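Everything on this sheet refers to the single structure shown next.
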Amino acid sequence: MTRAQRKQDHINYALSTGQQRRTGFDEVAFVHQSLPNIAVDEVHLQAEIGELNWSSPIFINAMTGGGGESTSKINEELTILARETGLAIAVGSQMSALKDPSERKTYEIVRQHNPNGIVLGNLGSEATVQQAKDAVEMISANALQIHLNVIQELTMPEGDRDFRGAMDRIQEIAESIPVPVIVKETGFGISKETAESLSHSNISAIDVGGFGGTNFSKIENQRRKRMLEFFDDWGIPTAISIAESHKASIKPILASGGIQNSLDIVKSLGLGASAVGMAGIILKQLLDSGLEDTIEEVNQIHTDIKFLMSALGCRRLENLHSVPLVLSGDVFHWLDVRGLNPESYSNRTFNK
Ligand code: FNR
Numbered sequence: 003m004t005r006a007q008r009k010q011d012h013i014n015y016a017l018s019t020g021q022q023r024r025t026g027f028d029e030v031a032f033v034h035q036s037l038p039n040i041a042v043d044e045v046h047l048q049a050e051i052g053e054l055n056w057s058s059p060i061f062i063n064a065m066t067g068g069g070g071e072s073t074s075k076i077n078e079e080l081t082i083l084a085r086e087t088g089l090a091i092a093v094g095s096q097m098s099a100l101k102d103p104s105e106r107k108t109y110e111i112v113r114q115h116n117p118n119g120i121v122l123g124n125l126g127s128e129a130t131v132q133q134a135k136d137a138v139e140m141i142s143a144n145a146l147q148i149h150l151n152v153i154q155e156l157t158m159p160e161g162d163r164d165f166r167g168a169m170d171r172i173q174e175i176a177e178s179i180p181v182p183v184i185v186k187e188t189g190f191g192i193s194k195e196t197a198e199s200l201s202h203s204n205i206s207a208i209d210v211g212g213f214g215g216t217n218f219s220k221i222e223n224q225r226r227k228r229m230l231e232f233f234d235d236w237g238i239p240t241a242i243s244i245a246e247s248h249k250a251s252i253k254p255i256l257a258s259g260g261i262q263n264s265l266d267i268v269k270s271l272g273l274g275a276s277a278v279g280m281a282g283i284i285l286k287q288l289l290d291s292g293l294e295d296t297i298e299e300v301n302q303i304h305t306d307i308k309f310l311m312s313a314l315g316c317r318r319l320e321n322l323h324s325v326p327l328v329l330s331g332d333v334f335h336w337l338d339v340r341g342l343n344p345e346s347y348s349n350r351t352f353n354k
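In the numbering used here, the protein residues as written are 3 to 354.
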């Protein structure tokens, strides 16, 4: 199996296994306020993550490249979507282009069609400093995502079996490259312990990549004879992972993993995220409905977010960090037994 074939498998199986809707967002509720004293026109959707800023709370999370013409076409359409709607965009892991230069164009196309947008490079934590520099240079990346994917590698028949030294390599990369480093999970969530370790390093942001959406255990299990089904239910649901990471880290938190709609986005911001990544749902919409409809859908989501923020009296994304949220069920229980004080969300006040 070549890397390029594996990329195509990931797309096909991501679409067939789908989004699981086990993120925990259904157990997170806002408290309605009848006197928000705001006009929709006053709401701004500008996201700011350190030196990165763009006009939406949404970024398209890392998916593809490195699988020949079909992945090039997807990246071309994703980047036009990002350009037309003001989203930031990450490319999929660039390792394939570093190993096989003929695949470079499947990534470079993102910068070609989106010369002024926020574009994020992507590599795994096995990458060397030189590979990180080359990946950034390949697409003039504004930041580099480094993904953590232990469960995917273990489930992947041909995956890595040695996970030593990742934190040291991430530190070294963050010290050596000219752009911010964002560390991301890939659907199994970041715990408070991991967030604490990352927070003490010189990386710039943490993307929780929580459980409940695209499931890379299910995807890799489709490629195995003997399935490792015990990993299919493994992981920290996204809503919980945002809260764990937000409470443990002083670095900005990005939310992703099963984000499907405007309410999921606004709840993620309410739980402490500064921006929100969407992958599987955007891929499905693009391949099912085409680019024009997907642009229209993202524009609608932006309007929805403005309506939701108006209902909560919030003019800026960071105001959502102070509005009261009531957590219930498993989300409440998990944060309670982990000593993370879920009542702190319900007792807070937003002073407009
Ligand atoms: C991914 N994802 C991913 N992540 C990463 O860091 N590097 C990569 O190369 C890929 N490749 C990839 C391919 C496909 C087809 C999908 C759907 C996803 C993971 C992605 O960025 C994200 O972390 C997870 O998919 C969870 O988010 P969603 O899909 O539930 O929104």
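Glycine residues also receive a C-beta, built at the ideal position from the N, C-alpha and C atoms.
Every value quoted in this text rests on a predicted model; they were computed, and no experiment measured them.
Rounded to whole angstroms, the gap between the alpha carbons of Ala16 and Phe218 is 8 Å.
Collapsing the DSSP output to three states places Ile252 in coil. Around the C-beta of Asn124, 16 or more other C-beta atoms lie within 10 Å, and the residue is accordingly described as buried.
Judged by pairs of C-beta atoms under 8 Å, the stretch 174-184 touches the stretch 203-213, as three or more such pairs exist.
Secondary structure note for Gln147: its beta strand (DSSP E) is the uninterrupted segment Ala145 to Leu150.
Annotated as distal: Thr87 and Asn263, with beta-carbon spacing of 8 Å or more. Judged by pairs of C-beta atoms under 8 Å, the stretch 61-74 touches the stretch 100-112, as three or more such pairs exist.
Going by beta carbons, Pro59 and Ile307 fall inside the 8 Å limit. A distance below 8 Å separates the beta carbons of Gly126 and Met97.
Shown here for Ser324: same chain residues with a beta carbon closer than 8 Å to its own, the five before and five after excluded, namely Arg350, Thr351, Phe352 and Asn353 in chain order. The beta-bridge partner set that DSSP reports for Met229 is empty.
Distance from the CA of Ala143 to the CA of Asp266, rounded to the nearest whole angstrom, comes to 28 Å. Under the three-state reduction of DSSP, Glu128 is assigned to coil, being neither helix nor strand.
DSSP places Gly123 in the strand class (E or B) of the three-state scheme. Around the beta carbon of Leu37, fewer than 16 other beta carbons sit within 10 angstroms, so the residue counts as exposed. Judged by their CB atoms, Ile91 and Gly119 are nearer to each other than the 8 Å cut-off.
The three-state reading of DSSP puts Trp236 in coil, since its state is none of H, G, I, E or B.
Remark: the shortest separation between the CB of Leu285 and any heavy atom of the ligand FNR falls under 7 Å. Nearest in C-alpha terms to Ala277, of all of Thr216, Trp336 and Gly259, is Gly259.
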